[in-house]
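Undergrad:
Number of protein chains: 2
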Amino acid sequence: MSSDIAMTNAPVAADDAAVAGGMARSAAAVEAVLETLLPAPRGHHARVLEAMRYATFAGGKRLRPYLVLEGSKLFGVPDARALRAAAAIEVLHTYSLVHDDLPAMDDDDLRRGRPTTHRQFDEATAILAGDGLLTIAFEILAGPETHPSGDVRARLVSRLAKAAGGEGMIGGQMMDIEAPNHSFGEAEVILLQRMKTGALFEFAAEAGPLLAEAPEADQQRMRDYARALGLAFQIADDLIDATSSAEAAGKSVGKDAAQGKATFISIHGIEKAKAEAQNLAQQAVAALTPYGHAADELRALPTFLLDRAS
Amino acid sequence: MSSDIAMTNAPVAADDAAVAGGMARSAAAVEAVLETLLPAPRGHHARVLEAMRYATFAGGKRLRPYLVLEGSKLFGVPDARALRAAAAIEVLHTYSLVHDDLPAMDDDDLRRGRPTTHRQFDEATAILAGDGLLTIAFEILAGPETHPSGDVRARLVSRLAKAAGGEGMIGGQMMDIEAPNHSFGEAEVILLQRMKTGALFEFAAEAGPLLAEAPEADQQRMRDYARALGLAFQIADDLIDATSSAEAAGKSVGKDAAQGKATFISIHGIEKAKAEAQNLAQQAVAALTPYGHAADELRALPTFLLDRAS
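Line by line, the protein sequences give chains A and B.
Those letters in the first sequence? Residues 39 to 348, per our numbering, in order.
Those letters in the second sequence? Residues 39 to 348, per our numbering, in order.
#1: I want to know whether the region 144 to 152 of chain A touches the region 169 to 180 of chain B - three or more CB-CB distances under 8 angstroms.
#2: Candidates A:ASP144, A:VAL136 and A:ASP256: which alpha carbon is nearest ASP160 (chain A)'s?
#3: For the alpha helix (DSSP H) containing SER196 (chain B), list its first residue and its last residue.
#4: Applying the 10 Å Cβ sphere with the 16-neighbour rule, what's the burial state of GLN316 (chain B)?
#5: I'd like to check one pair, LEU238 (chain A) with MET207 (chain A): are the Cβ atoms closer than 7 angstroms?
#6: Report back the beta-carbon spacing between VAL190 (chain A) and GLU251 (chain A) to the nearest angstrom; my notes put them in contact at under 8 angstroms.
#7: Measuring alpha carbon to alpha carbon, tell me which residue in A:LEU277, A:ALA243 and A:ALA66 is nearest ALA96 (chain A).
#8: For chain B, is any of its Cβ atoms less than 7 angstroms away from the one on MET143 (chain A)?
#9: Return helix, strand or coil for ARG337 (chain A), following the three-state DSSP convention.
#10: Suppose you measure from the CA of ASP117 (chain A) to the CA of PRO186 (chain A); what does that come to, to the nearest Å?
#11: Secondary structure at PRO218 (chain B), three-state DSSP: helix, strand or coil?
#12: Would you mind sorting GLN297 (chain A) into buried or exposed? The rule is 16 or more other CB atoms within 10 Å of its CB.
#13: Hey, does VAL227 (chain A) have any beta-carbon neighbour from chain B nearer than 7 angstroms?
#14: DSSP on LEU277 (chain A), reduced to helix/strand/coil?
#15: Mind checking THR132 (chain B): buried by the 16 CB within 10 Å criterion, or exposed?
#16: Quick check on the burial criterion: 16 or more other C-beta atoms within 10 angstroms. Buried or exposed for HIS156 (chain B)?
#17: Do we get a CB-CB distance below 7 angstroms when we pair ASP53 (chain A) with the residues of chain B?
#18: In chain A, what lies closer than 8 angstroms to ALA199 (chain B) by C-beta?
#19: With DSSP collapsed to three states, give me the class of PRO141 (chain B).
#20: Less than 7 angstroms between CB atoms is the rule here; does ALA162 (chain B) satisfy it with respect to chain A?
#21: Taking the continuous alpha helix (DSSP H) assigned at HIS306 (chain B), which residues delimit it?
#22: Using 8 angstroms as the Cβ pair cut-off and three pairs as the minimum, do the region 251 to 261 of chain A and the region 299 to 309 of chain A touch?
#23: Thinking just about the alpha-carbon of each residue, which of A:VAL129, A:PHE113, A:GLY236 and A:GLY330 is nearest to the one in GLU69 (chain A)?
#24: Measure the alpha-carbon distance for ARG265 (chain A) versus ALA55 (chain A) and round it to whole angstroms.
#25: Rounded to the nearest angstrom, what separates HIS83 (chain B) and THR154 (chain B) at their Cα positions?
#26: At 4 residues or longer, and completely inside the region 146 to 189 of chain B: list those alpha helix (DSSP H) runs for me, N to C.
#27: Please return the same chain residues whose Cβ sits closer than 8 angstroms to the Cβ of SER64 (chain B), not counting the five positions on each side in sequence.
#28: 7 angstroms is my cut-off, CB to CB: does LEU101 (chain B) come that close to chain A?
#29: I'd like the span of the alpha helix (DSSP H) that includes ALA89 (chain A), first residue to last.
#30: If you drop the 5 nearest sequence neighbours on each side, which residues of the same chain put their C-beta closer than 6 angstroms to that of ALA311 (chain A)?
#31: In whole angstroms, give me the CA-to-CA distance for GLY223 (chain B) and LEU179 (chain B).
#32: Exposed or buried, what is THR74 (chain B) when buried is set at 16 or more other beta-carbons lying within 10 Å of its beta-carbon?
#33: Chain A partners of GLN211 (chain B), CB-CB under 7 angstroms?
#34: Apart from the five residues on each side of it in sequence, which residues of its chain come closer than 6 angstroms, Cβ to Cβ, to PHE342 (chain A)?
#35: Residues of chain B with a CB under 9 angstroms from the CB of ASP189 (chain A): which are they?
#36: Apart from the five residues just before and just after ALA242 (chain A), which ones in its own chain have a Cβ nearer than 6 angstroms to its Cβ?
Structure follows, in structure tokens:
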């Protein structure tokens, strides 16, 4: 299924169906690993362990794990290692959703068509469950099963912490909360999105070369890919927020405009935002030039993400 | 200044004044390191970085860093390494205070005599600041300046994550929230406290031998010390809650009884709780037997902590 914003000139040898299939397989694999990594609910603290699982096993595309696994394939990383890095980034992403949904933050009742964690449990449990997911992300990365080299494991921890921290994802969320008090231009919107979602995308894409101890140039290429992909993904998300129904999106929509937040769409309008997304998709693909057919699914991913917003 | 619950038979060669002096020196040293490690507020996300600093630079005894630094001295760990581990555990402890104080949790307005972070800023910022402090704890531990060996750094990350996670501190906080719905006996109160505060004490005490790559037996002894110390500390805290004024304690008091939470005091009464604290202090001291005079301040620490509650 192609759309009016699908790319026409990029060297893509995989289609949306191939990406959807690969993504479904990687989601199933990472969920199986998460099943073994998250503690089983027991004892008088079972409630927080249940909430950690409720938030994690909520469906979703598992896009970040997919990036980790596809990036790892390019560099010959064994599946068992790649899956642990994929699991770590997914629980970290899940924590960010749990905390962002809280009443004091975005105050969302619905996430992927189900009650958000604080609606299903309560606020205190949701705060603690998010804290627990953030914490276990680092425990997973640092565990000896992730890589035989402690240096590699420590580097993964450092990079993920930087991507997710006050100068990364958390800073981006703060900037997002501050947005209605400012009139952000395009530069600020790009910075916000790069911090809020791009930093984690970049870590997901560089995890493969990091696990393979590949040269810094490869890590940089994968980050370049992810940076462009992340912005394209954000524009797609903004398009869904601006044009979809809550039922179709599986979450609350129309909130950006209601809150007066600057987005690519509020700055440029829908058509120019779509064109910019296509431009970013081409930039992402260009970063993968050295990797031949092994990178075909990663090349097809930007179009896949934009198609769902068309 | 000695108290009616000070120990009389333990081989303590340091007094409260020595501990107070050592603690003040270690607090100053760890605060200087934290000053350089926490990001300087800047940009449109400055608010969360400010809140991270507000919560961190709030005074306090810096008891966990003191344990890291004293434990590190026993095993000859260079100061620069020990100070990074001490800084990591202190920001992690600080995050737990920020989140525990939130309206959905303990709903405290006052912490160390100042407005809590969500009162000084707002709830969203406090949630994010806590998340940021938790995240940077792992970034600090994993950084190459913490130890030349990646294996050691990854092990520190693993141990801290386990101590702070859903089966450690977070699980203990969940159990504490659930407490009013149950009638916990002594075994449950001990488990709760061991998870909620003991796990982090144990990590603080074992960080020294971990950084020194000392034998597991040394790590175990330091954990044994910290486990007994942690329970004694908790009883001291309960005594303050039961008997002090808010002004003297620098935080809200009398909440345990108001919330119907089981504590050592509600189970055993004040006098028996004091006796148990003294017993625990002697257990802590006994674990340090192999370490001679180098451990004198650690031996004096339990009495110091109990004296402040007398």
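Heads up, the beta-carbon is just placed ideally off N, CA and C, and yes, glycines get one too.
Note that the structure is a prediction, hence the values are computed from the model and not measured.
TA: Taking the coordinates as given:
#1: no
#2: The sequence position of residue 160 (chain A) within the first sequence is 122, counting from 1. If we check each option's Cα against that of ASP160 (chain A), A:VAL136 comes out closest.
#3: On the second sequence, residue 196 (chain B) is found 158 positions in, with the first residue counted as 1. 188 to 202 is the extent of the alpha helix (DSSP H) around SER196 (chain B).
#4: Translated into the one-based positions of the second sequence, residue 316 (chain B) becomes position 278. Classification of GLN316 (chain B): buried, given that the 10 Å Cβ count is 16 or more.
#5: Your numbering for residue 207 (chain A) matches position 169 in the first sequence. Your numbering for residue 238 (chain A) matches position 200 in the first sequence. Yes. Within cutoff.
#6: Numbered from its first residue, the first sequence carries residue 190 (chain A) at position 152. Numbered from its first residue, the first sequence carries residue 251 (chain A) at position 213. Yes, they are in contact, since the Cβ atoms of VAL190 (chain A) and GLU251 (chain A) sit about 6 angstroms apart, within 8 angstroms.
#7: For the purposes of this step, residue 96 (chain A) is identified with residue 58 of the first sequence, where counting begins at 1. With distances taken between Cα atoms, ALA96 (chain A) lies closest to A:ALA66.
#8: Within the first sequence, the letter at position 105 stands for residue 143 (chain A). Taking Cβ atoms only, chain B reaches closer than 7 angstroms to MET143 (chain A), which makes this a yes.
#9: Counting from one through the first sequence, the residue named residue 337 (chain A) turns up at place 299. Three-state result, ARG337 (chain A): helix.
#10: To locate residue 117 (chain A), count along the first sequence from 1; it is residue 79. To locate residue 186 (chain A), count along the first sequence from 1; it is residue 148. Spanning the two alpha carbons is a distance of roughly 14 angstroms.
#11: Counted from its first residue, the second sequence places residue 218 (chain B) at position 180. The answer is helix: DSSP assigns PRO218 (chain B) an H, G or I state.
#12: Along the first sequence, one-based indexing puts residue 297 (chain A) at 259. Under this definition GLN297 (chain A) is an exposed residue.
#13: The residue given as residue 227 (chain A) occupies position 189 in the first sequence. It does not; no Cβ of chain B falls within 7 angstroms.
#14: Start at 1 with the first residue of the first sequence, and residue 277 (chain A) comes out as number 239. It is helical.
#15: As a working mapping, residue 132 (chain B) is identified with position 94 in the second sequence. Classification for THR132 (chain B): buried.
#16: For the purposes of this step, residue 156 (chain B) is taken as the residue at position 118 of the second sequence. Buried.
#17: Stepping through the first sequence from its first residue, residue 53 (chain A) is reached at position 15. No, no contact with chain B.
#18: Counting from 1 along the second sequence, the entry for residue 199 (chain B) is found at position 161. Residues of chain A passing the Cβ test: THR173, ILE174, PHE176, GLU177 and ALA180.
#19: Numbered from its first residue, the second sequence carries residue 141 (chain B) at position 103. Coil at PRO141 (chain B), not helix or strand.
#20: By one-based count along the second sequence, residue 162 (chain B) stands at place 124. So, interface residue.
#21: Stepping through the second sequence from its first residue, residue 306 (chain B) is reached at position 268. Run containing HIS306 (chain B): 302 to 306, per the alpha helix (DSSP H) assignment.
#22: no
#23: Within the first sequence, numbered from 1, the residue matching residue 69 (chain A) stands at position 31. Comparing Cα-Cα distances from GLU69 (chain A) to each of A:VAL129, A:PHE113, A:GLY236 and A:GLY330, the minimum goes to A:VAL129.
#24: In the first sequence, the residue the question calls residue 265 (chain A) occupies position 227. In the first sequence, the residue the question calls residue 55 (chain A) occupies position 17. The straight-line gap from Cα to Cα measures roughly 24 angstroms.
#25: Position 45 of the second sequence, counting from 1, holds the residue named residue 83 (chain B). Position 116 of the second sequence, counting from 1, holds the residue named residue 154 (chain B). The alpha-carbon atoms of HIS83 (chain B) and THR154 (chain B) are separated by roughly 20 angstroms.
#26: 155 to 158 and 161 to 180
#27: Here residue 64 (chain B) corresponds to residue number 26 of the second sequence, with the count starting at 1. Cβ within range, chain order: ARG100, PRO103, TYR104, LEU107, GLU108 and ALA124.
#28: Against the second sequence, residue 101 (chain B) aligns to sequence position 63. With 7 angstroms as the cut-off, LEU101 (chain B) does not count as an interface residue toward chain A.
#29: Taking the first sequence and counting its residues from 1, the one referred to as residue 89 (chain A) is at position 51. Its alpha helix (DSSP H) spans residues 84 to 94.
#30: In the first sequence, counting from the first residue as 1, residue 311 (chain A) sits at position 273. Here the set comprises ILE273, PHE302 and ILE303.
#31: Residue 223 (chain B) sits at position 185 when you count from the first residue of the second sequence. Residue 179 (chain B) sits at position 141 when you count from the first residue of the second sequence. Cα to Cα, the separation comes out at about 37 angstroms.
#32: Within the second sequence, the letter at position 36 stands for residue 74 (chain B). By the 10 Å Cβ count, THR74 (chain B) comes out exposed.
#33: Stepping through the second sequence from its first residue, residue 211 (chain B) is reached at position 173. Within 7 angstroms Cβ-Cβ: LEU166.
#34: Taking the first residue of the first sequence as 1, we reach residue 342 (chain A) at position 304. So the qualifying residues of the chain are ASP54 and VAL57.
#35: As a first step, residue 189 (chain A) must be located in the first sequence, where it is residue number 151. Neighbours of ASP189 (chain A) on chain B, chain order: PRO182, SER187, GLY188, ASP189, ARG191 and ALA192.
#36: Indexing the first sequence from 1 puts residue 242 (chain A) at position 204. Within the same chain, ALA242 (chain A) has close Cβ partners ARG102, LEU105, VAL106 and ILE127.
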